[in-house]
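Here is the structure we will look at, set down as structure tokens.
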Amino acid sequence: MRDVWESIKEFFWRDWTPAEKVLVILCCVLLGVIKGFFLAPIKKGINCGNNNGNSYIQNEDGCWAEEEA
3 MRDVWESIKE FFWRDWTPAE KVLVILCCVL LGVIKGFFLA PIKKGINCGN
53 NNGNSYIQNE DGCWAEEEA
């Protein structure tokens with residue numbers, strides 16, 4: 003167990019190149035986003051759109067339904 007702990011300490015205390023730093027930060031951010039998606043509660047289901055009343059409704063005869071105002 004001590005060998006594993008020493009190797010972890012050595013990994014974090016070594017010199018990092020800028021590319022490695024960016025990759026580690028990017029991985030942490032993406033992991034946080036994925037974790038957030040899994041832990042976020044779904045309220046009222048999944049709904050894509052703004053529900054402004056604009057819809058495409060077609061009758062059996064192929065014509066559009068006229069809404070009465």
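Those letters in the sequence shown? Residues 3 to 71, per the numbering used here, in order. All C-beta atoms in this analysis are idealised placements derived from N, C-alpha and C, irrespective of residue type, glycine included.
Check, Outcome
"Cutoff 7 Å: Cys-50 Cβ touching any chain B Cβ", "Absent here is chain B; the protein component of the structure consists of one chain."
"The alpha helix (DSSP H) enclosing Pro-20, as first and last residue numbers", "20-41"
"Collapsed DSSP secondary structure at Lys-11 in the structure displayed", "helix"
"Simplified DSSP assignment, three categories, for Asp-5", "helix"
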